[in-house]
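Only one structure is covered here, and it is reproduced in the block below.
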Ligand code: ADP
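Numbering (the numbering used here), first residue to last: 1 to 505.
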């Protein structure tokens, strides 16, 4: 058998890729799905539409490669994390729209948990700080709002899962014997799993009022869950892993201290933290990096940045300063610096390491001198300095000094930005030849399970550098830049305050 297949069920699209033994891309098929915004703050997907897209992209990727299922050694699945699906195992139909990771409808629920003093307990068990980001509160919201869901869940007539669970259930037969499993990385984002035992935690289930009968079984990231039933008939499903962890794996960050950052709509920096559960920190999330079969789990520290590429989109679509995203680089290169202005893109608060739902975006340091070029530069600098804040938290709170950063995602085609990242972090930044690191990571995990690849060292040899950037910023300038950034962030943290005062009048 010549190939390993991977499905990346992402936020905006679903893709299927085939890889050969060298880890090279053989084919890629992709389909977008609808983003449903029925109310402000809500963001939903149709799980059935996503399953139909899987049924289209898999045969398309096979056809492109001139292959059929007999050529495929295994299937790995990576997925958008935290997106919550509930379905009826009798009909195979979702019982509500899937609530995506960007959806903030659970903010009151989360605020109530914090107000009740449960944050520390949640942190100690799950490694997560209570936030609308995670799946468990969404399931609670569904239990409270979908008529009869709780009773059905208790009776085993309604199942919960994140996207990989939903897809594996469908791929292994659905109504006709589909298996109901999740993996440790996805389960670690529910706020329901004990990060130390990697099992559902009774205390968390009670806190969120979730019936255990609805939950999938938690498995490792690389093992044979079952075989495909119709699509890719007979091919073992041999890996499931959350997309950011898949990128960490695809970037072959196998040693403690290895780090990657994916620069897309948001930016997600993950650091391999080794096999011991790291102590909780204030600024970072502790999560499962990956678990290969029976081997000890590898933990990860994660710093998520809500806005990176989306700030570029804002410059393009709302301010209309650039016609296309890549043109930000041309515009930013017309000036030498940002002319003293700093943009903090806290459009809907700040994630790591500040974790403020109240912060709002600011542009500070405006003078008549500041023009379009300076704004473009400040937009790119915002991504670089946000990365710096996360890396500082990794250093300060976890005692890990990064030796380098591996990068992927749409924004990494921007050389100026990648140079800025190398400069402010003061470490080399490297981009691999295969940029589809999420699919690659899922394929790697699946291929390891079935012996398509012999071990991690083989995978490491497959990693080839396409580009690298060396730091060359003067330390004084870096310190000055860091001070200016930190000052601007303080302003963003204060930005929402006047409204609060009005409320008290
Ligand atoms: P996602 O996977 O989150 O959809 P991608 O990895 O496809 O994102 O990256 C798309 C994002 O990258 C968009 O937000 C876009 O604005 C940004 N982007 C794409 N090309 C560039 C570029 N050359 N410079 C800066 N930003 C870019």
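Each residue gets a CB set at the ideal place from its N, CA and C atoms; glycine is no exception.
Might you give, ordered along the chain, the residues of its own chain that have their beta carbon closer than 6 Å to the beta carbon of residue i, omitting 5 neighbours on each side?
i, result
"residue 124", "none"
"residue 175", "92"
"residue 384", "420, 421, 424"
"residue 406", "251, 260, 430"
"residue 121", "none"
"residue 42", "103, 105"
"residue 505", "At residue 505, the pLDDT of 48 sits below 50, so the modelled position is not reliable; the number obtained from the coordinates is stated separately. Excluding positions up to five away in sequence, the list is empty."
"residue 506", "Nothing can be reported for residue 506, as the shown portion of the chain is limited to 1 through 505."
"residue 404", "427, 428"
"residue 51", "170"
"residue 258", "272"
"residue 73", "1, 4, 450, 452"
"residue 211", "153, 154"
"residue 119", "130"
Please state the DSSP three-state secondary structure of residue i.
i, result
"residue 432", "strand"
"residue 505", "Residue confidence for residue 505 is low, a pLDDT of 48 falling below 50, so the modelled location carries little weight and cannot support an answer."
"residue 242", "strand"
"residue 249", "helix"
"residue 225", "coil"
"residue 369", "coil"
"residue 272", "strand"
"residue 255", "coil"
"residue 69", "helix"
"residue 96", "coil"
"residue 387", "helix"
"residue 17", "strand"
"residue 81", "coil"
"residue 394", "helix"
"residue 219", "strand"
"residue 413", "helix"
"residue 335", "coil"
"residue 349", "strand"
"residue 149", "helix"
"residue 358", "coil"
"residue 64", "helix"
"residue 401", "coil"
"residue 446", "helix"
Might you give, ordered along the chain, the residues of its own chain that have their beta carbon closer than 7 Å to the beta carbon of residue i, omitting 5 neighbours on each side?
i, result
"residue 171", "228, 229, 231, 237"
"residue 438", "8, 78, 243, 246, 247, 250"
"residue 334", "373"
Could you tell me which residues DSSP puts in a beta bridge with residue i?
i, result
"residue 50", "Residue 50 is not bridged to any residue."
"residue 76", "6, 239"
"residue 263", "267"
"residue 278", "Partner(s): none; residue 278 has no beta bridge."
"residue 486", "None, per the DSSP bridge assignment."
"residue 131", "According to DSSP, which records beta bridges pairwise, residue 131 is partnered with nothing at all."
"residue 86", "160"
"residue 299", "274, 288"
"residue 45", "98"
"residue 468", "430"
"residue 200", "193"
"residue 304", "268"
Check the C-beta distance from residue i over to residue j and give it rounded, since I have them as a contact under 8 Å.
i, j, result
"residue 241", "residue 272", "With 8 Å as the limit, residue 241 and residue 272 do not qualify as a contact, their Cβ atoms being about 14 Å apart."
"residue 249", "residue 307", "Incorrect: roughly 25 Å between the Cβ atoms, too far for contact."
"residue 345", "residue 311", "4 Å"
"residue 65", "residue 3", "7 Å"
"residue 295", "residue 449", "Not quite, the Cβ-Cβ distance comes to about 12 Å (not below 8 Å), so this is no contact."
"residue 157", "residue 226", "So it is not a contact: roughly 22 Å between Cβ atoms."
Quick one: what's got a C-beta closer than 8 Å to residue i's C-beta in the same chain, skipping five residues either side?
i, result
"residue 191", "122, 126, 128, 130, 134, 135, 136, 137, 204, 208"
"residue 198", "184, 187, 188, 218, 288, 291, 297"
At a cut-off of 6 Å, would you count residue i as near the ligand MN, judging by its Cβ distance to the nearest heavy atom?
i, result
"residue 413", "Ligands present in the displayed structure are limited to the ligand ADP, and the ligand MN is not among them."
Exercise. Counting pairs of Cβ atoms below 8 Å between the region 388-408 and the region 302-310, do you hit three or more?
Worked result: Touching, per the Cβ criterion.
Exercise. Should the region 459-477 be regarded as contacting the region 413-431, the criterion being three or more beta carbon pairs within less than 8 Å?
Worked result: Put simply, the region 459-477 touches the region 413-431. At least three CB pairs are less than 8 Å apart.
Exercise. Is the number of C-beta pairs between the region 367-386 and the region 313-328 that are closer than 8 Å three or more?
Worked result: Inter-segment contact for the region 367-386 and the region 313-328 is present: three or more beta-carbon pairs are separated by less than 8 Å.
Problem set entry | the region 156-172 / the region 180-198 touching (three or more Cβ pairs under 8 Å) | Taking 8 Å as the limit for Cβ pairs, the verdict is that the region 180-198 does touch the region 156-172.
Problem set entry | Any 3 or more C-beta pairs closer than 8 Å across the region 67-77 and the region 85-103 | No, the region 67-77 is not in contact with the region 85-103.
Exercise. Is it true that the region 131-142 meets the region 55-63, where meeting means three or more beta-carbon pairs spaced less than 8 Å apart?
Worked result: Fewer than three pairs of CB atoms, one per stretch, sit closer than 8 Å, so the region 131-142 makes no contact with the region 55-63.
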